[in-house]
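Numbering (the working numbering), first residue to last: 7 to 260.
Here a beta-carbon is modelled for each residue, glycine too, at the ideal position from N, C-alpha and C.
All figures in this text were calculated on a predicted structure; none of them were measured in a lab.
Here is the structure we will look at.
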């Protein structure tokens, strides 16, 4: 369990960031807060924080000074600056003391989740190569993604969005998007398209269905778009693909 310290003299901002992290990465992180530089140094060193999200402009002790003290005691601690000041001198100081990232306020949920997840390597442990082995030990991510895959298999023909599917598994869309791509090796839309094209290939073996009907069955109401997409993904139009399957001679694509 990684330890993350959020430091900001604006308490509402501090707790908002803490809530973002706990809501989306709470199973992998412990999160504490501090409201000034001195408190940040003491908490980080005593608690042995793995990562500090540090506001630069704070009364008493600036974030860059607090970060220097923390790095002196915890050289492996990751420091990420949060600031409303887009100034070169701050960026330069951040680089000089080995800060891992520099984010401008206001930061989005995706910014916070993305940079913390990346710097702590939270997404690296969920990257199987190729298709997941159904007999492999089922960790939380595998179970989650298998639930998602079952949902997609039943609903791919509907008008699905990443946000809709993320909601079904109670995840923030930004975090779900990163987790999905890390696990499957492709983004949500590409994966959904692959499922639909795979279904279309099976349906094309049924001569009673027209290309238009097959497109509608898999979620594409516009037959022209379906034909173009199918050809882009397979190198053949649906009609030509059907022709190759049957050995027949079909003349038009719709």
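If you check the CB distance, residue 210 and residue 220 come in under 8 Å. Approximately 7 Å separates the beta-carbon atoms of residue 80 and residue 50; this is inside 8 Å, confirming the contact. 239 is the residue among 239, 228, 173 and 72 whose C-alpha sits nearest the C-alpha of residue 199. If you look at residue 196, you'll find it in the alpha helix (DSSP H) that goes 194-209. For residue 26, same chain residues with a beta-carbon under 6 Å away, outside a window of 5 residues either side, are 115 and 118 in chain order. Put simply, the backbone Cα of residue 111 is about 46 Å away from that of residue 206.
In the DSSP assignment, residue 247 falls outside any beta strand (DSSP E) and within the unbroken alpha helix (DSSP H) covering 244-252. Rounded to whole angstroms, the Cβ separation of residue 66 and residue 87 is 17 Å, and the two are not in contact under 8 Å. The three-state secondary structure of residue 60, taken from DSSP, is strand.
If you draw a straight line from the Cα of residue 19 to the Cα of residue 197, it comes to about 36 Å. Contact between the segment 186-196 and the segment 221-233 is absent: fewer than 3 CB-CB pairs across the two stretches fall below 8 Å. Within the segment 24-79, the runs of alpha helix (DSSP H) at least 4 residues long that lie entirely inside it are, in chain order, 43-53 and 69-79. Apart from the 5 residues on each side of it in sequence, residue 153 sits with its Cβ closer than 7 Å to the Cβ of 175 in its chain, given in chain order. DSSP places residue 21 in the helix class (H, G or I) of the three-state scheme.
The beta carbon of residue 75 sits closer than 6 Å to those of 47, all from its chain and outside the five residues before and after it, given in chain order.
Look at residue 220 here: in three-state DSSP terms it is helix.
A distance of 8 Å or more separates the beta carbons of residue 57 and residue 21.
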